[in-house]
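Right, one structure below, let's go through it.
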Amino acid sequence: MHGEYKVPGGKLVVVDLDVVDNTIVDFRLAGDFFLEPDSALGDINAAVNGLPADSDAVSIAAAVRAALPAQATLLGFSPESVAVAIRRSLAQASGWRDYEWQLIHTKAVAPVMQMALDEVLAIEVGEGRRSPTLRIWEWTEPAVVIGSFQSLKNEVDAVQAARHGFTVVRRISGGGAMFMEAGSVITYSIYAPTDLVQGMTFADSYAFLDEWVLTALKSLGIDAYYQPLNDITSPKGKIGGAAQKRLGSGAVLHHVTMSYDMDGDKMVQVLRIGREKLSDKGITSAAKRVDPLRSQTGLSRDAIIDRMKTTFTGLYGAVAGEITEAEYARAAELVETKFGTDEWIGRVP
Numbered sequence: 000m001h002g003e004y005k006v007p008g009g010k011l012v013v014v015d016l017d018v019v020d021n022t023i024v025d026f027r028l029a030g031d032f033f034l035e036p037d038s039a040l041g042d043i044n045a046a047v048n049g050l051p052a053d054s055d056a057v058s059i060a061a062a063v064r065a066a067l068p069a070q071a072t073l074l075g076f077s078p079e080s081v082a083v084a085i086r087r088s089l090a091q092a093s094g095w096r097d098y099e100w101q102l103i104h105t106k107a108v109a110p111v112m113q114m115a116l117d118e119v120l121a122i123e124v125g126e127g128r129r130s131p132t133l134r135i136w137e138w139t140e141p142a143v144v145i146g147s148f149q150s151l152k153n154e155v156d157a158v159q160a161a162r163h164g165f166t167v168v169r170r171i172s173g174g175g176a177m178f179m180e181a182g183s184v185i186t187y188s189i190y191a192p193t194d195l196v197q198g199m200t201f202a203d204s205y206a207f208l209d210e211w212v213l214t215a216l217k218s219l220g221i222d223a224y225y226q227p228l229n230d231i232t233s234p235k236g237k238i239g240g241a242a243q244k245r246l247g248s249g250a251v252l253h254h255v256t257m258s259y260d261m262d263g264d265k266m267v268q269v270l271r272i273g274r275e276k277l278s279d280k281g282i283t284s285a286a287k288r289v290d291p292l293r294s295q296t297g298l299s300r301d302a303i304i305d306r307m308k309t310t311f312t313g314l315y316g317a318v319a320g321e322i323t324e325a326e327y328a329r330a331a332e333l334v335e336t337k338f339g340t341d342e343w344i345g346r347v348p
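Residue numbers (my numbering): 0 to 348.
Structure (C-alpha cells):
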C-alpha cells in the first residue's frame, strides 16, 4: 500500500507498507522533509512496523514520537503527518492528480441560487455525474450567508440588513456568517470525492484542501498561513474562513470566503458581531475597511482571481468548465423547495 500527504506549508510525506494479519509490516517512510539524525528514519520505521492496521492517527503519531531520539529534529513534517500518510495509505485515499478537475468561473447569480448550486454540484460529483470541480462565485446583490446551525436573529440585524439591501440566506455547511458584497470578497467552492480526504481528520482536511490557495497568495507576496480550525490569515490579520460539509453521496463540499475590500462599518451594522468576534476578524474600528487582499497586494480582485486560477490549474491540471442547464434547473428547484423558503432560512430562529 502506498500513501502520500503534503503537509500544509511543509513537505511531502510518502509511506509504503503491507498488512499481514491486521498488522503493519515492511513499513518504509520517505519524502522531501529534513530529519536529524539520519538514524531516526530507522527508528520511525521500526516504531510503525508491528502496529495494528486499525490503529488511529493519534496512536500512530504517539508511537512515532516515542521512538524518536531525544534530540531529533523534524523539519517540514511531524509524527502527526506520518500518521496521516499511513491512514491515507490504509484507506487507499486518492490524490489531487488522480482526477480530471474542472474550473468554473461563470455568471453571477442570486445568493439563494449560490446556496442551491453548492448542494447540486456536490451531489453531482458524489454520484459520479460531474468530475471534481473548483467553482469561483460571483454576486448579483449583497447577502449575508449564515451557517447551517446559526440562529438567524442572533446573527443578523434584520432592520439594518433591509436598510442596506442585504438578502439573508442559509448554507448547508456549518460555521459562521459571511458578509458578501459584489467586488468585496472572493469566494470559491471545491466539490470533491471524499476519497480525496480519506485518512484525514476534519482539521487536517481543511488545511489540505486550501493549500493551493496559500500557494497562490504567497506568490503575490502575502505571508498567508492556515490557523486551525478554518481560518486563512497573515501577520496583518485574518484573510478568510472556510466551511465544509460531507454529503452522503460520497462528496465533500469545501468553500472559502476571503476579504478583498469590505466595508467594516456596514458589516457591524448588519451582523450582530460582539467585541470578541470583531477583534477576531482583525477589525480594530467599526469604520475601518477590511481589505487584507487589496492592501497587501495592491492588485485588483480580478488579478488575484486570475493568479488563483493559474495556481490551481498548474498544480492539478484543471480545465475550464461550465454549469450545465440541467444543473441550473435542479438548483432552481431547490430554491423553490428549500433554500428560498422561510422554513429553511429560519430553521434556527
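Ideal placement from N, C-alpha and C gives every residue a C-beta, glycine not left out. In this text, all values refer to a predicted model and were calculated from it rather than measured experimentally.
| Query | Result |
| --- | --- |
| Within 7 Å, strictly: CB atoms of Gly62 and Ala46 | Going by the sequence as given, residue 62 is Ala instead of Gly. Closer than 7 Å, so yes. |
| Residues near Asp230 in its chain [Cβ-Cβ closer than 7 Å; skip 5 each side] | Lys237 and Gly240 |
| Between the CA atoms of Ile189 and Ala330 - distance to the nearest angstrom | 17 Å |
| Meets three-Cβ-pair contact criterion under 8 Å: the region 189-199 and the region 256-267 | no |
| Ile171 to Asp42 span [Cα, whole Å] | 45 Å |
| Cβ neighbours of Ala29 in the same chain (closer than 7 Å, five flanking residues each side left out) | Val13 |
| Residue range of the alpha helix (DSSP H) that includes Phe207 | Phe201 to Leu208 |
| Three-pair Cβ contact test at 8 Å for the region 98-111 versus the region 311-331 | yes |
| Trp138 in three-state terms, based on DSSP | strand |
| Three-state secondary structure (DSSP) of Glu154 | helix |
| Exposure of Ser218, with buried meaning 16 or more beta-carbon neighbours within 10 Å | exposed |
| Cβ-Cβ distance between Asp117 and Leu252 below 7 Å | yes |
| Three-way DSSP call (helix, strand, coil) for Leu40 in this model | helix |
| For Val24, the nearest candidate out of Asp15, Asp31 and Val167 (CA to CA) | Asp15 |
| Burial state of Leu74 (16 or more Cβ within 10 Å) | exposed |
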